[in-house]
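Asker:
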Amino acid sequence: MKYITKFFWLFVGVLFIFSGLIKINDPVGTAIKLEEYFEVFSTDIAPFFKSLEPAALLLSIFLSALEIVLGVALLVRWKLKEVLWLLLAMIVFFTFLTFYSAYFNKVTDCGCFGDAIKLTPWESFTKDIVLLVMIIVLLMTQRYLQPFISQKMGATITALTAILSVGIGWYAYENLPYIDFRAYKIGNNIPTLMKPSAPLKYKYVMTKGSEEQEFLEYPTDTTWTFKEMVAINPEDGPKITDFNVWNDEGDHTQEVLTGTKLVIVVQSIAKASTENFDKINALVADAEKQGITPIVITSSGAQEFEAFRHEVNLAAPYYFGDGTVLKTIIRSNPGIWLLKDGTTKGLWHHNNTPTIEEVKALIAD
1062 MKYITKFFWL
1072 FVGVLFIFSG
1082 LIKINDPVGT
1092 AIKLEEYFEV
1102 FSTDIAPFFK
1112 SLEPAALLLS
1122 IFLSALEIVL
1132 GVALLVRWKL
1142 KEVLWLLLAM
1152 IVFFTFLTFY
1162 SAYFNKVTDC
1172 GCFGDAIKLT
1182 PWESFTKDIV
1192 LLVMIIVLLM
1202 TQRYLQPFIS
1212 QKMGATITAL
1222 TAILSVGIGW
1232 YAYENLPYID
1242 FRAYKIGNNI
1252 PTLMKPSAPL
1262 KYKYVMTKGS
1272 EEQEFLEYPT
1282 DTTWTFKEMV
1292 AINPEDGPKI
1302 TDFNVWNDEG
1312 DHTQEVLTGT
1322 KLVIVVQSIA
1332 KASTENFDKI
1342 NALVADAEKQ
1352 GITPIVITSS
1362 GAQEFEAFRH
1372 EVNLAAPYYF
1382 GDGTVLKTII
1392 RSNPGIWLLK
1402 DGTTKGLWHH
1412 NNTPTIEEVK
1422 ALIAD
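Its first residue numbered 1062, the sequence shown is counted upward by one per residue in this note's numbering.
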């Protein structure tokens, strides 16, 4: 049992640190996932969850940092009993979230490992059940985990971890994720990712009375009733399925993905920062002089955006896109997206608005 306990101790500690680091790498993405849960819970459980949405970013950083801190504290065996009870409380909370998502099919991606590792709701729930069992075992067998450093040293390491974790999260918020796991990251060609990498194959789920059977080819036996068609190789499907750009004149998706475009992404004017539009406007003007087409994509309505763009003096043609897609493209509002023939050449937070020389250097490659 001693060796099992030590394996569980190492596994749980490392997994919590890994999970926290993945989330704190992209605190805005984690906040978006929390907002999804708050939206669902406000409808299904209690309206007060809606009031938590403004705090989603702070909760994102806090919960991600807490995972890292508890993982480190567990590994250094500082305040072991208290840390294990906190881990138990956290995993019970996560287990409830993943069960709710899986059973009621409400949030189809729990965001447990951000965009780095996608798990289905039931896979997430299974993972949490395994962790729950491990933590309970650790609580019952903690006598095998004797401290190997002083409590003072453990407290120092844990405190430094907390400070560093929060700092990492806040820096990622003020800039962009350190590591980009999304489909629109630098180097990716958007038109290619909008196509399947291989022909999709399907199986047919058919029923006859209480019997259910799967067929690789549609059965000729008419006594079978069609239930659903399921992809056998969904991993070969398009990685991007919902990128569209339009205005009142029609669809402009292919136009945006052709040539060199400097795209100013304004996800929603309600939450858009106006701090760095002097730099953005200067970049837009310089881009036009260099033959680079500047455009704006927003999810806000035309009337609201007209007022906003006059307020910030943003002189570029604008189009519309889905708000969720725009949040996926870049974790900054506004953000800057450089495209060359559909390939992402640059992504910038508005706090890091590039110069025209930086833009030219990237499209010259």
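Glycine residues also receive a C-beta, built at the ideal position from the N, C-alpha and C atoms.
(1) Determine whether the beta carbon atoms of Ile1093 and Ile1129 lie at a separation below 8 angstroms.
(2) Compute the Euclidean distance between the alpha carbons of Ile1196 and Leu1148, then round it to the nearest angstrom.
(3) Using the C-alpha atoms, what's the distance from Phe1123 back to Thr1359?
(4) Sorted by chain position, which residues of the same chain lie with C-beta nearer than 8 angstroms to Phe1072's C-beta, five sequence neighbours on each side aside?
(5) First and last residue of the alpha helix (DSSP H) that includes Ala1343?
(6) Answer yes if the region 1396–1404 comes into contact with the region 1316–1328, meaning at least three C-beta pairs across the two stretches below 8 angstroms, and no otherwise.
(7) Pick out the complete alpha helix (DSSP H) segments inside the region 1302–1329, 4 residues or longer, and give them in chain order.
(8) With Gly1228 as the anchor, note down where its beta strand (DSSP E) starts and where it stops.
(9) Compute the Euclidean distance between the alpha carbons of Glu1289 and Leu1192, then round it to the nearest angstrom.
(10) With three or more beta-carbon pairs closer than 8 angstroms as the criterion, would you say the region 1237–1250 touches the region 1380–1398?
(11) Contact defined as beta carbons within less than 8 angstroms: I believe Leu1200 pairs with Lys1188. What is the distance between those atoms, to the nearest angstrom?
(12) Please classify Asp1087 as buried or exposed, where buried requires at least 16 neighbouring CB atoms within 10 angstroms.
(13) What residues are listed by DSSP as bridge partners for His1410?
(14) So what does Lys1269 bridge to, in DSSP terms?
(15) Rounded to a whole number of angstroms, what is the C-alpha to C-alpha distance between Lys1300 and Gln1212?
(16) In the structure shown, what three-state DSSP assignment does Glu1278 receive?
(17) Taking 7 angstroms as the cut-off, is the beta-carbon of Ala1233 closer than that to any non-hydrogen atom of the ligand MN?
(18) Hey, could you find the ends of the alpha helix (DSSP H) Lys1421 is sitting in?
(19) With which residues is Glu1289 paired in a DSSP beta bridge?
(20) Would you mind sorting Thr1219 into buried or exposed? The rule is 16 or more other CB atoms within 10 Å of its CB.
(21) DSSP on Lys1094, reduced to helix/strand/coil?
(22) Quick one: what's Ile1196 bridged to in DSSP?
(23) Closest by CA to Pro1115, which one among Met1151, Thr1202, Leu1127, Phe1099?
(24) On the premise that Lys1269 lies in contact with Thr1286, defined as a C-beta separation below 8 angstroms, what is that separation, rounded to the nearest angstrom?
(25) Tell me whether Arg1243 is buried or exposed, calling it buried when 16 or more other Cβ atoms sit within 10 Å of its Cβ.
(26) If you follow the alpha helix (DSSP H) that Phe1381 is in, where does it begin and where does it stop?
(27) Beta-carbon within less than 8 angstroms of Val1144's beta-carbon, same chain only, minus the 5 sequence neighbours each way: which residues are those?
(28) Start and end of the alpha helix (DSSP H) containing Ile1122?
(29) Please state whether DSSP places Ile1065 in a helix, a strand or coil.
(30) Taking its Cβ as the centre, do 16 or more other Cβ atoms sit within 10 Å of His1371, making it buried, or is it exposed?
(31) Give the secondary structure of Thr1335 by DSSP, where H, G and I count as helix, E and B as strand, and everything else as coil.
Answerer: Taking the geometry as given:
(1) Stepping through the sequence shown from its first residue, residue 1093 is reached at position 32. Stepping through the sequence shown from its first residue, residue 1129 is reached at position 68. With respect to Ile1129, Ile1093 sits apart: the two C-beta atoms are not nearer than 8 angstroms.
(2) As a first step, residue 1196 is located in the sequence shown; it is residue number 135 there, counting from the start. As a first step, residue 1148 is located in the sequence shown; it is residue number 87 there, counting from the start. The alpha-carbon atoms of Ile1196 and Leu1148 are separated by roughly 7 angstroms.
(3) For the purposes of this step, residue 1359 is taken as residue 298 along the sequence shown, with counting starting at 1. For the purposes of this step, residue 1123 is taken as residue 62 along the sequence shown, with counting starting at 1. Their Cα atoms are separated by approximately 30 angstroms.
(4) Here residue 1072 is taken as the residue at index 11 of the sequence shown, counted from 1. Excluding residues within five positions, the ones whose Cβ falls inside 8 angstroms are Met1195.
(5) Indexing the sequence shown from 1 puts residue 1343 at position 282. Taken as a continuous stretch (DSSP letters only), the alpha helix (DSSP H) holding Ala1343 covers 1338–1350.
(6) The count of Cβ pairs closer than 8 angstroms, one atom from the region 1316–1328 and one from the region 1396–1404, reaches three, so the stretches are in contact.
(7) Within the region 1302–1329, the complete alpha helix (DSSP H) segments at least 4 residues long are 1314–1317, listed from N- to C-terminus.
(8) Working through the sequence shown from its first residue, we reach residue 1228 at position 167. Note, Gly1228: premise wrong, no beta strand (DSSP E); alpha helix (DSSP H) at 1212–1235.
(9) Position 228 of the sequence shown, counting from 1, holds the residue named residue 1289. Position 131 of the sequence shown, counting from 1, holds the residue named residue 1192. Looking at the two C-alpha atoms, the distance is approximately 34 angstroms.
(10) The region 1237–1250, when compared against the region 1380–1398, does touch it at the 8 angstroms Cβ threshold.
(11) Residue numbering aside, residue 1200 sits at position 139 when the sequence shown is read from its first letter. Residue numbering aside, residue 1188 sits at position 127 when the sequence shown is read from its first letter. Between Lys1188 and Leu1200 the Cβ distance is about 19 angstroms, and since that is not below 8 angstroms, they are no contact.
(12) Within the sequence shown, the letter at position 26 stands for residue 1087. Taking all protein chains shown into account, Asp1087 has 16 or more neighbouring C-beta atoms within 10 Å of its C-beta and is therefore buried.
(13) On the sequence shown, position 349 is the one that residue 1410 refers to. Bridge partners of His1410: Gly1396.
(14) Start at 1 with the first residue of the sequence shown, and residue 1269 comes out as number 208. Lys1269 pairs with Glu1272.
(15) For the purposes of this step, residue 1300 is taken as the residue at position 239 of the sequence shown. For the purposes of this step, residue 1212 is taken as the residue at position 151 of the sequence shown. When rounded, the distance between both Cα atoms is 48 angstroms.
(16) Position 217 of the sequence shown, counted from the first residue, corresponds to residue 1278. DSSP places Glu1278 in coil when its eight states are reduced to three.
(17) This structure lacks the ligand MN; in fact it carries no ligand of any kind.
(18) Taking the sequence shown and counting its residues from 1, the one referred to as residue 1421 is at position 360. First-last of the alpha helix (DSSP H) with Lys1421: 1417–1425.
(19) In the sequence shown, residue 1289 corresponds to position 228, counting from 1. Paired residue(s): Val1266.
(20) Within the sequence shown, the letter at position 158 stands for residue 1219. Buried, because 16 or more other Cβ atoms sit within 10 Å of the Cβ of Thr1219.
(21) To locate residue 1094, count along the sequence shown from 1; it is residue 33. When secondary structure is reduced to three states using DSSP, Lys1094 falls in the helix class.
(22) Counting from 1 along the sequence shown, the entry for residue 1196 is found at position 135. In DSSP, Ile1196 forms no bridge with anything.
(23) Along the sequence shown, read from residue 1 onward, the residue named residue 1115 stands at position 54. Ranking the options by Cα distance to Pro1115, first place goes to Phe1099.
(24) For this step, residue 1286 is matched to residue 225 along the sequence shown. For this step, residue 1269 is matched to residue 208 along the sequence shown. Confirmed, about 7 angstroms.
(25) In the sequence shown, counting from the first residue as 1, residue 1243 sits at position 182. Counting every other CB atom within 10 Å of its CB across the protein chains shown gives Arg1243 a total of 16 or more, marking it as buried.
(26) As a first step, residue 1381 must be located in the sequence shown, where it is residue number 320. Phe1381: not part of any alpha helix (DSSP H); member of the beta strand (DSSP E) spanning 1379–1381, first to last residue.
(27) Along the sequence shown, one-based indexing puts residue 1144 at 83. Correct list, in chain order: Leu1131, Ala1134, Leu1135.
(28) In the sequence shown, residue 1122 corresponds to position 61, counting from 1. Note, Ile1122: alpha helix (DSSP H), 1117–1137.
(29) Along the sequence shown, read from residue 1 onward, the residue named residue 1065 stands at position 4. Secondary structure of Ile1065 (DSSP, three-state): helix.
(30) For the purposes of this step, residue 1371 is identified with residue 310 of the sequence shown, where counting begins at 1. Exposure of His1371 is indicated by the presence of fewer than 16 other C-beta atoms within 10 angstroms of its C-beta.
(31) The sequence position of residue 1335 within the sequence shown is 274, counting from 1. Coil, per DSSP.
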